[in-house]
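Participant: Chains as they are written, first to last, in this note's numbering: chain A, 10 to 319; chain B, 10 to 319. Virtual Cβ for every residue (Gly too), placed ideally from N, Cα, C.
2 protein chains.
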Amino acid sequence: MNSEPANPPLSSWRDGAPRRAILDFVARVTTAGHPDFVPSADRIAVFDNDGTLWVEQPLPVQAHFVIDRIRALAPQHPEWQGLKPFKAVLDGDLAGVMAVGMDGLTELVMATHAGMSTDAFAGLVRDWIATARHPRFHRPYTDLVYQPMLDVLALLRAHDFKTYIVSAGGVEFMRTFCETLYGVPPEQVIGSSIVTKYVVKDGEPALMREPQLHFFGDKEGKPVAINTHIGRRPIAAFGNSDGDFAMLEWVTRGPRAGFGLIVHHDDADREYAYDRDPGLARLARGLDEGPGRGWTIVHVKDDWDRVFRS
Amino acid sequence: MNSEPANPPLSSWRDGAPRRAILDFVARVTTAGHPDFVPSADRIAVFDNDGTLWVEQPLPVQAHFVIDRIRALAPQHPEWQGLKPFKAVLDGDLAGVMAVGMDGLTELVMATHAGMSTDAFAGLVRDWIATARHPRFHRPYTDLVYQPMLDVLALLRAHDFKTYIVSAGGVEFMRTFCETLYGVPPEQVIGSSIVTKYVVKDGEPALMREPQLHFFGDKEGKPVAINTHIGRRPIAAFGNSDGDFAMLEWVTRGPRAGFGLIVHHDDADREYAYDRDPGLARLARGLDEGPGRGWTIVHVKDDWDRVFRS
């Protein structure tokens with residue numbers, strides 16, 4: 010009934026507990042007559058993006074976009090030299106940028122993400138992502154997608170799962186590449202958003218992006234966003250930081266067999282090693298409580314045969 | 010390639026310009042090689058709900074739910090006898106209810122829609138809709154769905170369209186019945202929403218509905234909501250009031266061949282006749298400007314062979 014992927018499933022995973030847990034879960038929920046069987050309409054899986062589907066170090070990809078845009082726009086904004094978050098960016102002080110806190114980051118985001126139409130913004134992102142290079146790997150960010158997670162997406166879709174991205178990243182930023190990169194269409198991408206206004210000028214309608222936060226989709230915002238957009242509880246959730254904790258909790262405490270998986274980045278050679286340090290990518294509670302909650306913890310070093318997509 | 014509906018398409022429509030315009034549009038956008046051809050991933054159609062897919066007179070169905078809930082809860086709220094919008098409801102003064110304005114209506118909605126979990130709310134709606142009866146037709150509201158519009162939904166889906174509901178109604182109210190009634194799954198229902206909060210109590214997570222508006226999806230809010238949820242511009246839009254004007258404008262002023270249709274309720278015998286009177290259901294600008302914009306105006310009296318679903 011289901012079309013199987015051409016290759017053996019999860020072929021870029023090493024054999025081990027995480028790979029077997031994923032295969033076992035998929036078998037249980039898709040085998041008619043099994044007590045954990047779930048009809049295909051309810052087979053919904055949600056994935057965090059940064060650090061779960063692609064690289065998020067040394068900074069989330071969207072932060073690199075912000076930095077490059079600030080630099081590009083700086084000549085038109087001499088006043089930025091005297092404003093803290095902008096000055097840190099222009100000085101190349103990345104630690105300083107991340108230390109400006111939520112208000113400072115919001116200021117940077119608004120200066121680079123608002124004041125234009127949705128079409129114009131998507132064009133900027135597309136142009137940027139086609140040329141930007143990762144500072145360490147010197148490759149396009151779109152190359153730095155985790156092949157093992159692409160395998161998971163393919164396996165789930167081959168078993169009639171609908172796959173969603175649920176990220177704290179900007180939804181209109183992500184939608185420019187998620188379909189090509191992950192096979193996830195725009196309507197299955199959920200993220201943070203700013204206020205958008207419908208404006209008609211000379212008979213031509215446009216959606217204008219306003220410098221005001223509409224929704225921030227991190228932490229407890231993730232189950233809330235899932236409810237707003239999907240309207241039913243997914244049965245599988247994939248994340249990598251404590252920003253995903255509530256989403257995994259929501260998915261795995263439902264009436265159905267729910268699957269939770271956390272990617273623990275512990276491979277400094279092939280990628281990055283990080284977990285308990287404070288910051289957006291912090292992973293502590295998930296490591297402490299995940300196993301007791303039946304969540305699968307992936308160790309990149311041991312469990313992934315390959316890291317980036319081929 | 011496409012599976013055709015079992016019956017001739019649009020069989021509850023009388024032959025005439027609107028029926029032919031729908032069939033012609035579907036043929037153009039789904040015929041490979043035609044200049045208006047649209048790949049199936051971009052075949053997105055949006056439908057208003059109240060007055061477009063089901064009856065909205067003498068009051069929108071959700072307003073009847075509010076009234077019945079206020080009555081049911083009144084014994085626990087003696088203070089309501091002194092509060093204007095509540096008193097109008099308890100006195101059965103429907104004109105008074107509709108005259109309280111947006112603030113008064115919001116008060117009534119919050120008193121009946123908030124302060125409980127999403128699951129508890131969905132349960133209340135399901136119980137109500139199973140027993141409530143329309144005041145004139147004495148039938149369940151779920152019987153008062155327009156068969157010709159069900160025909161349109163079936164025709165579009167048979168041609169690989171993804172069909173969405175985009176309504177000013179409460180999204181969690183609608184999601185309890187849209188799948189059964191229209192074949193539209195929860196994730197394709199877009200509407201107004203209140204703030205929802207993720208709360209964990211004794212280890213059990215729940216989404217709690219707070220008495221605060223999150224998004225109101227009428228008028229210019231419709232294209233905004235389409236952008237937030239779908240992230241691409243639909244190619245067909247169906248509405249019945251000026252609350253749908255911006256949505257039709259957005260859809261029909263895109264780079265692609267866009268189809269706009271307005272249902273004009275002019276059949277007081279079989280259903281209701283209404284248009285230019287002020288109120289939520291007002292249709293004036295759409296009648297004045299629609300034809301010049303190439304929109305199809307449906308006259309229920311002439312164009313629909315049958316009104317309600319069989």
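So, with DSSP's three-state summary, where would you put A:I239?
Facilitator: Within the first sequence, residue 239 of chain A is the residue found at index 230, counting from 1. Looking at A:I239 - three-state DSSP - the assignment turns out to be coil, as it is neither helix nor strand.
Participant: From A:G88 to A:K210, what distance separates their C-alpha atoms?
Facilitator: Translated into positions along the first sequence, residue 88 of chain A becomes position 79. Translated into positions along the first sequence, residue 210 of chain A becomes position 201. Going by the sequence as given, residue 88 of chain A is Glu instead of Gly. Near 31 Å, if we compare the C-alpha coordinates of A:K210 and A:E88.
Participant: Would you verify that the beta carbon of B:E229 is, or is not, closer than 8 Å to some beta carbon of chain A?
Facilitator: Taking the first residue of the second sequence as 1, we reach residue 229 of chain B at position 220. True, the Cβ-Cβ gap to chain A drops below 8 Å.
Participant: Taking DSSP's pairing of strands, which residues face A:P214 in a bridge?
Facilitator: Here the question's residue 214 of chain A lines up with position 205 in the first sequence. DSSP lists A:V209 as partners of A:P214.
Participant: With 7 Å as the limit, tell me which residues of the segment 214–245 of chain B have their beta carbon closer than that to any beta carbon of chain A; keep them in chain order.
Facilitator: Within the segment 214–245 of chain B, the residues whose Cβ lies closer than 7 Å to some Cβ of chain A are P214, L216, E229, P232, V233, N236, T237, H238, I239, G240 and R241, listed in chain order.
Participant: When burial is assigned at 16 or more other CB atoms within 10 Å of the CB, is A:T261 buried or exposed?
Facilitator: By one-based count along the first sequence, residue 261 of chain A stands at place 252. A:T261 should be labelled buried.
Participant: From B:A129 to A:P149, what distance separates their C-alpha atoms?
Facilitator: By 1-based counting over the second sequence, the position of residue 129 of chain B is 120. By 1-based counting over the first sequence, the position of residue 149 of chain A is 140. Going from the Cα of B:A129 to the Cα of A:P149 covers about 47 Å.
Participant: Indicate whether at least one CB of chain B lies closer than 8 Å to the CB of A:Y207.
Facilitator: Position 198 of the first sequence, counting from 1, holds the residue named residue 207 of chain A. Chain B contact via Cβ: present.
Participant: Using DSSP with H/G/I as helix, E/B as strand and the rest coil, what is A:I79?
Facilitator: Sequence index remark: in the first sequence, residue 79 of chain A carries index 70 (1-based). Helix, per DSSP.
Participant: List the endpoints of the continuous beta strand (DSSP E) containing B:L270.
Facilitator: The sequence position of residue 270 of chain B within the second sequence is 261, counting from 1. Where B:L270 is concerned, the enclosing beta strand (DSSP E) stretches over F268 to H273.
Participant: Please go through the segment 135–178 of chain B and give each complete alpha helix (DSSP H) segment of 4 or more residues, from N-terminal end onward.
Facilitator: 156–167, all fully within the segment 135–178 of chain B.
Participant: Determine the closest residue to A:D136 out of A:T189, A:F74 and A:G25, with distance taken between C-alpha atoms.
Facilitator: Reading the first sequence from its first residue, position 127 is the one you call residue 136 of chain A. Of the listed residues, the one whose Cα sits closest to A:D136 is A:F74.
Participant: Could you tell me the alpha carbon to alpha carbon distance between A:D169 and A:A163, rounded to whole angstroms?
Facilitator: Position 160 of the first sequence, counted from the first residue, corresponds to residue 169 of chain A. Position 154 of the first sequence, counted from the first residue, corresponds to residue 163 of chain A. Straight-line Cα distance between these residues: approximately 10 Å.
Participant: Taking all protein chains shown into account, do 16 or more other C-beta atoms lie within 10 angstroms of the C-beta of B:G178, making it buried, or fewer, making it exposed?
Facilitator: Position 169 of the second sequence holds residue 178 of chain B. With 16 or more other Cβ atoms within 10 Å, it is buried.
Participant: Consider the Cβ of B:T189: report whether some Cβ of chain A lies at a distance smaller than 8 Å.
Facilitator: As a position in the second sequence, residue 189 of chain B is number 180, starting the count at 1. It does not: the Cβ of B:T189 has no partner Cβ on chain A nearer than 8 Å.
Participant: Within 10 Å of its beta-carbon, does A:M10 have 16 or more other beta-carbons around it, so buried, or fewer, so exposed?
Facilitator: Reading the first sequence from its first residue, position 1 is the one you call residue 10 of chain A. Because A:M10 sits at a pLDDT of 40, beneath the cut-off of 50, its placement in the model cannot be relied upon, and the following sentence gives the value as read from the coordinates. Counting Cβ neighbours within 10 Å, A:M10 comes out exposed, since fewer than 16 surround it.
Participant: Using a Cβ-Cβ distance cut-off of 8 Å, determine whether B:S319 contacts chain A.
Facilitator: Locating residue 319 of chain B in the second sequence gives position 310, where the first residue counts as 1. It does not: the Cβ of B:S319 has no partner Cβ on chain A nearer than 8 Å.
Participant: Under 7 Å Cβ-Cβ, which residues of chain A neighbour B:T127?
Facilitator: In the second sequence, residue 127 of chain B corresponds to position 118, counting from 1. Those are N236, listed as they occur along chain A.
Participant: According to DSSP, which residues form a beta bridge with A:I53?
Facilitator: As a first step, residue 53 of chain A must be located in the first sequence, where it is residue number 44. Answer by DSSP bridge pairing, in chain order: A:K171.
Participant: So A:P194 contacts chain B; which residues on that side make the cut at Cβ distance below 7 Å?
Facilitator: Looking up residue 194 of chain A in the first sequence gives position 185. Within 7 Å Cβ-Cβ: A50.
Participant: Drop a sphere of 10 angstroms on the beta-carbon of A:K171, count the other beta-carbons inside from all chains shown, and report buried for 16 or more, exposed for fewer.
Facilitator: Position 162 of the first sequence holds residue 171 of chain A. Per the 10 Å Cβ criterion, buried.
Participant: Hey, could you find the ends of the beta strand (DSSP E) B:V193 is sitting in?
Facilitator: Taking the second sequence and counting its residues from 1, one reaches residue 193 of chain B at position 184. That residue, B:V193, is in no beta strand (DSSP E); it is neither H nor E in DSSP.
Participant: Just to make sure I have the definition right: I need the residues of chain B whose C-beta is within less than 7 Å of the C-beta of A:E280. Which are they?
Facilitator: Here residue 280 of chain A refers to the residue found at position 271 of the first sequence. Residues of chain B passing the Cβ test: none, with the nearest at roughly 29 Å.
Participant: Could you tell me the alpha carbon to alpha carbon distance between A:T151 and A:R265, rounded to whole angstroms?
Facilitator: Numbered from 1 along the first sequence, position 142 holds the residue referred to as residue 151 of chain A. Numbered from 1 along the first sequence, position 256 holds the residue referred to as residue 265 of chain A. Whole-angstrom Cα-Cα distance: 35 Å.
Participant: With distances taken from CA atoms, which of B:R145, B:G42 and B:A36 is nearest B:Q66?
Facilitator: On the second sequence, residue 66 of chain B is found 57 positions in, with the first residue counted as 1. Taking only the C-alpha atoms, the option nearest B:Q66 is B:R145.
Participant: Which first and last residues belong to the alpha helix (DSSP H) in which B:A277 is found?
Facilitator: Mapped onto the second sequence, residue 277 of chain B falls at position 268. Element bounds for B:A277: n/a, residue is neither H nor E.
Participant: Do A:R218 and A:M125 have their C-beta atoms closer together than 8 Å?
Facilitator: As a working mapping, residue 218 of chain A is identified with position 209 in the first sequence. As a working mapping, residue 125 of chain A is identified with position 116 in the first sequence. Cβ atoms of A:R218 and A:M125: closer than 8 Å.
Participant: When the Cα of B:G240 is compared with those of A:L216, A:R241, A:A255 and A:G230, which residue comes out closest?
Facilitator: The residue labelled residue 240 of chain B in the question sits at position 231 within the second sequence. Of the listed residues, the one whose Cα sits closest to B:G240 is A:L216.
Participant: So, with DSSP's three-state summary, where would you put A:L314?
Facilitator: Along the first sequence, read from residue 1 onward, the residue named residue 314 of chain A stands at position 305. Here residue 314 of chain A is Asp; the residue named in the question, Leu, does not match the sequence. The answer is coil: DSSP assigns A:D314 none of H, G, I, E or B.
Participant: Between B:T39 and B:F268, what straight-line distance do the alpha-carbon atoms span, to the nearest angstrom?
Facilitator: Within the second sequence, residue 39 of chain B is the residue found at index 30, counting from 1. Within the second sequence, residue 268 of chain B is the residue found at index 259, counting from 1. Taking the straight line joining both Cα atoms gives about 13 Å.
Participant: Could you please give the first and the last residue of the uninterrupted alpha helix (DSSP H) stretch that includes B:L260?
Facilitator: Here the question's residue 260 of chain B lines up with position 251 in the second sequence. The question names Leu, yet the displayed sequence has Val at residue 260 of chain B. Taken as a continuous stretch (DSSP letters only), the alpha helix (DSSP H) holding B:V260 covers F254 to T261.
Participant: Quick one: residues in its chain with C-beta nearer than 8 Å to the C-beta of A:T121, no 5 flanking neighbours on either side, listed in chain order?
Facilitator: Stepping through the first sequence from its first residue, residue 121 of chain A is reached at position 112. Cβ within range, chain order: F74, V75, R78, I79 and L82.
Participant: Cα separation between B:A277 and B:L68?
Facilitator: As a first step, residue 277 of chain B is located in the second sequence; it is residue number 268 there, counting from the start. As a first step, residue 68 of chain B is located in the second sequence; it is residue number 59 there, counting from the start. Roughly 15 Å between the two C-alpha positions.
Participant: Let me check understanding here. Comparing Cα to Cα, which of B:D314, B:D59, B:V307 and B:A41 lies closest to B:L153?
Facilitator: For this step, residue 153 of chain B is matched to residue 144 along the second sequence. Of the listed residues, the one whose Cα sits closest to B:L153 is B:D59.
Participant: What residues in its chain sit with their C-beta under 7 Å from that of B:S12, if we drop five residues either side in the sequence?
Facilitator: Reading the second sequence from its first residue, position 3 is the one you call residue 12 of chain B. Here B:S12 scores only 47 on pLDDT, less than 50, and its place in the model is too uncertain to base an answer on.
Participant: Can you find at least 3 beta carbon pairs, one from the segment 242–253 of chain B and one from the segment 280–293 of chain B, that sit closer than 8 Å?
Facilitator: Result yes; three or more Cβ-Cβ pairs closer than 8 Å.
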